[in-house]
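Here it is in structure tokens:
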């Protein structure tokens, strides 16, 4: 017994002291991540049951303003507007923000026969200054012009829902009905719909679909039970009065590379609740090119680094201690992931340079590391569905999915380098040809 205890507390014996400290830090990070996921899975289960018991509220109680940011979106814009035109909403407006497009986007929009469609054209030199400025223009348009029209003037700002939909987004027609019950709570500031990838035939796009699904079914659903679900940009529903409460310099959105994350966190820190709705979804394009995926994830990673300072405002959030701890953990995730990445490099160095064997001394220790390494991915995969077949499929998928998560890991370091060097400009990623929903 004493020998086993000795082995347990000396997991990294024989390794230089500095490396031992690093390995123990990463062990604690991995263990805390596993515990966090277990807690979120439990909370997500409660959220599922709560959703089944929820009392509906008519979508007709609200004005739904679908905002579509568009810069050179000739490939997808007609499809996007057509799908939003089919939205099952009694009171709705489709507001396309044309951010100075110089392709066929303006002419395509002009030719569309959609009575709900409005086009807000931004011209150079004021155009193309970032997605946040375009969204803030839409915000001002809604407040100053749309709500001044007789047809919409009866709607107060607490009954106006701005819905951000990317130009490649395919929002489920019943989304307003599915989301409306969340806004029966007057403190609900925003709701995020489940995001799926419709061109998920290849490995990369399949992994992206699993990633988004896992995030929605586990992380977001669990946080929704606590009222701390965040916004994801595509199919993001925000109450206008909530946006008004965090307005800065003419609008609620700030110039950030992940302006949706920034806005969602600030809404929570202003006292609003955030929800996740998995009863409807938005399908969007995935990236089949590893180069394009690296560019996208580097931009997202840089946005995550920009959000780290928001951890100082976690104490202002309404939810309890557990939810605040999770919110803080979420915001410092880039730091924790970077440390884990350094640990991976250190492991390779130890093996290659010092030739130190890193095989666990006992089966028990090996099982611990396997559980911590693959357990989080397996839990998120399992929670995406039900049934024996799904369990078997999840077990088979956990290794290729875990490999994908490590494949995109280097983008975090590149994102930090760009942030520290002050490089925040990004070129738009070109759309791929449209394909059918999977």
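Numbering (the numbering used here), first residue to last: 1052 to 1489.
Virtual Cβ for every residue (Gly too), placed ideally from N, Cα, C.
Here the structure is a predicted model, which means the values were calculated and not measured.
- Task: Kindly examine the ligand MG and report whether one of its heavy atoms sits closer than 7 Å to the Cβ of residue 1195.
- Result: The ligand content of the structure shown is nil, which means the ligand MG is not present either.
- Item | Burial state of residue 1396, where buried means 16 or more other Cβ atoms lie within 10 Å | As a first step, residue 1396 must be located in the chain shown, where it is residue number 345. The residue in question, residue 1396, is exposed, as its Cβ has fewer than 16 Cβ neighbours within 10 Å.
- Query: In the DSSP assignment, what are the bridge partners of residue 1115?
  - Reply: Position 64 of the chain shown, counted from the first residue, corresponds to residue 1115. Bridge partners of residue 1115: 1143, 1212.
- Task: Have a look at residue 1176 and residue 1217 and give me their C-alpha separation to the nearest angstrom.
- Result: Position 125 of the chain shown, counted from the first residue, corresponds to residue 1176. Position 166 of the chain shown, counted from the first residue, corresponds to residue 1217. Their Cα atoms are separated by approximately 23 Å.
- Query: Would you call the segment 1143-1161 and the segment 1107-1127 touching, i.e. three or more CB-CB distances under 8 Å?
  - Reply: yes
- When the Cα of residue 1474 is compared with those of 1162, 1307, 1138, 1108, which residue comes out closest? Reading the chain shown from its first residue, position 423 is the one you call residue 1474. Among 1162, 1307, 1138, 1108, the Cα nearest to that of residue 1474 is on 1307.
- Whole angstroms is fine: what's the gap from residue 1322's alpha carbon to residue 1220's? Within the chain shown, numbered from 1, the residue matching residue 1322 stands at position 271. Within the chain shown, numbered from 1, the residue matching residue 1220 stands at position 169. Near 29 Å, if we compare the C-alpha coordinates of residue 1220 and residue 1322.
- Task: Alpha carbon to alpha carbon, how far is residue 1077 from residue 1083? Give it in angstroms, no decimals.
- Result: Translated into the one-based positions of the chain shown, residue 1083 becomes position 32. Translated into the one-based positions of the chain shown, residue 1077 becomes position 26. C-alpha separation (whole angstroms): 10 Å.
- Message: Along the chain, where does the alpha helix (DSSP H) containing residue 1326 start, and where does it finish?
- Response: Counting from one through the chain shown, the residue named residue 1326 turns up at place 275. First-last for residue 1326: 1324-1335, but that is the beta strand (DSSP E), not the alpha helix (DSSP H).
- Query: What are the complete beta strand (DSSP E) segments, minimum 3 residues, inside the segment 1351-1385?
  - Reply: none
- If you draw a straight line from the alpha carbon of residue 1439 to that of residue 1457, how long is it in whole angstroms? Indexing the chain shown from 1 puts residue 1439 at position 388. Indexing the chain shown from 1 puts residue 1457 at position 406. Their backbone Cα atoms lie some 28 Å apart in a straight line.
- Item | Same chain, Cβ closer than 7 Å to residue 1404, neighbours up to 5 away in sequence not counted | Residue mapping note: residue 1404 aligns to position 353 of the chain shown, counting from 1. Taken in chain order, the list of residues that qualify is empty.
- Could you please give the first and the last residue of the uninterrupted alpha helix (DSSP H) stretch that includes residue 1263? Walking along the chain shown from the start, residue 1263 turns up at place 212. Element bounds for residue 1263: 1254-1265.
- Curious, which full-length alpha helix (DSSP H) runs of at least 4 residues does the segment 1149-1202 contain? 1156-1162, 1182-1195
- Pick helix, strand or coil for residue 1057, following the three-state DSSP scheme. Numbered from 1 along the chain shown, position 6 holds the residue referred to as residue 1057. Residue placement at residue 1057 is flagged as unreliable, the pLDDT there being 45, under the threshold of 50; the coordinate-derived value follows with that caveat. Three-state result, residue 1057: helix.
- Quick one: using the 10 Å Cβ neighbour count with 16 as the cut-off for buried, is residue 1278 buried or exposed? By one-based count along the chain shown, residue 1278 stands at place 227. Answer is buried; the Cβ neighbour count reaches 16.
- Task: Given a cut-off of 8 Å, decide if residue 1227 and residue 1137 are closer than it, judged by their beta-carbon atoms.
- Result: Mapped onto the chain shown, residue 1137 falls at position 86. Mapped onto the chain shown, residue 1227 falls at position 176. Result no, Cβ atoms of residue 1137 and residue 1227 do not sit closer than 8 Å.
- Query: Can you tell me where the alpha helix (DSSP H) with residue 1128 in it begins and where it stops?
  - Reply: As a first step, residue 1128 must be located in the chain shown, where it is residue number 77. Per DSSP, residue 1128 belongs to the alpha helix (DSSP H) from 1128-1136.
- Message: Quick check on residue 1372: buried or exposed, where buried means 16 or more other Cβ atoms within 10 Å of its Cβ?
- Response: Here residue 1372 corresponds to residue number 321 of the chain shown, with the count starting at 1. Result: exposed.
- Look up residue 1066 in the DSSP assignment and say whether it is helix, strand or coil. Walking along the chain shown from the start, residue 1066 turns up at place 15. The answer is coil: DSSP assigns residue 1066 none of H, G, I, E or B.
- Just list the beta strand (DSSP E) runs in the segment 1280-1307, keeping only unbroken ones of 3 residues or longer that don't cross its boundaries, in chain order. Whole beta strand (DSSP E) segments, 3+ residues: 1287-1290.
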